[in-house]
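In numbering that gives the first Met the number 0, the protein residues as written are 0 to 216.
To start, the structure itself, in structure tokens.
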Amino acid sequence: MTEHGAKLPGGFRALALGAALLLSLYPWHDAQGAEPEIYTESAVKAVFLYRFADYVQWPAEALTAGKFTIAVLGADEIATHLEALLPSHPILGLPAQVKHVSEVRQIEDAQTLYVGRDYHGSLRAVIAALRDRPVLIVTDVEGGLEAGSAVNFVLSDQHVRFEISTAAANRAGLKISAELLAVATRIKAGYLLNANCRAAFFADEREAPCLTRISRR
């Protein structure tokens with residue numbers, strides 16, 4: 000199936016390094032006044048998966064394996080892009096690798112799990128099996144946050160974006176930085192970042208002065 004092209008999000012200053020890495024991996028040309036470069040949706044998502052870890056506060060036990068592993072379930076193209084990226088780009092100072100998995104028990108000590116669109120099993124069962132483990136679960140399906148993932152990709156006007164559930168992250172013992180929350184299209188926790196929000200880590204999102212209480216959505 001032919002994959003849709005996706006524009007690199009120009010307003011994501013918090014993920015600028017990820018954008019630079021993407022440009023270094025895929026051929027492009029610089030023409031003054033040219034339209035934004037178009038990359039495959041999988042390539043953009045792979046860079047986001049690589050960059051997300053830097054915007055998460057991890058418990059110590061999540062990083063004791065001596066390596067950082069991104070497990071990929073149901074997304075071979077994204078795994079291929081990660082295989083090209085990770086060997087030369089450590090994550091949190093650790094050697095990084097991608098692991099193809101076909102079932103949840105193969106995840107082992109992976110710190111991030113990406114569940115792609117080609118996975119046709121029960122997403123809720125996968126998430127339930129990892130309950131209370133320090134794993135950042137990223138999905139790519141409508142209703143992903145409602146199923147229990149911490150991050151869910153969405154495609155808006157040919158831009159790859161993402162929504163975040165701070166509640167799901169907290170259950171896994173992970174704290175999402177305000178810098179990453181600031182570029183999310185939706186935050187599922189009943190809180191909204193105001194315009195003066197500064198990048199920081201918070202032990203509890205309710206402590207952040209930049210968060211405004213809103214109705215749950």
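Glycine residues also receive a C-beta, built at the ideal position from the N, C-alpha and C atoms.
Closest in alpha carbon position to A78, among S101, L91 and Q157, is S101. A direct Cα-to-Cα measurement between R185 and L179 gives close to 11 Å. Note on geometry: alpha-carbon atoms of H158 and T63 lie some 35 Å from one another.
By the criterion of at least three beta-carbon pairs nearer than 8 Å, the segment 72-86 is in contact with the segment 94-109. One alpha carbon belongs to F152, the other to L122, and they sit about 15 Å apart. In this structure, T138 and A52 do not form a Cβ contact; the two beta carbons are roughly 17 Å apart against a cut-off of 8 Å. In this structure, the alpha-carbon of P133 lies about 31 Å from that of Y38. Our two residues, R160 and G65, have alpha carbons roughly 30 Å apart in a direct line. CA-CA distance, L48 to W57, rounds to 15 Å. When secondary structure is reduced to three states using DSSP, H80 falls in the helix class. Looking at L173, A171, A183 and A177, the one whose alpha-carbon comes closest to that of S155 is A183.
DSSP places K98 in the uninterrupted beta strand (DSSP E) bounded by A95 to V100. Note on the segment 32-66: whole alpha helix (DSSP H) runs with a minimum of 4 residues are 40-51, in chain order. Across the set V103, R170 and E60, the C-alpha of V103 shows the shortest separation from the C-alpha of A124.
In the DSSP annotation of this structure, E107 is not part of any alpha helix (DSSP H), being labelled neither H nor E.
Exclusion of the five residues before and after E60 leaves P133 as the residues of its chain whose Cβ lies within less than 7 Å of its Cβ.
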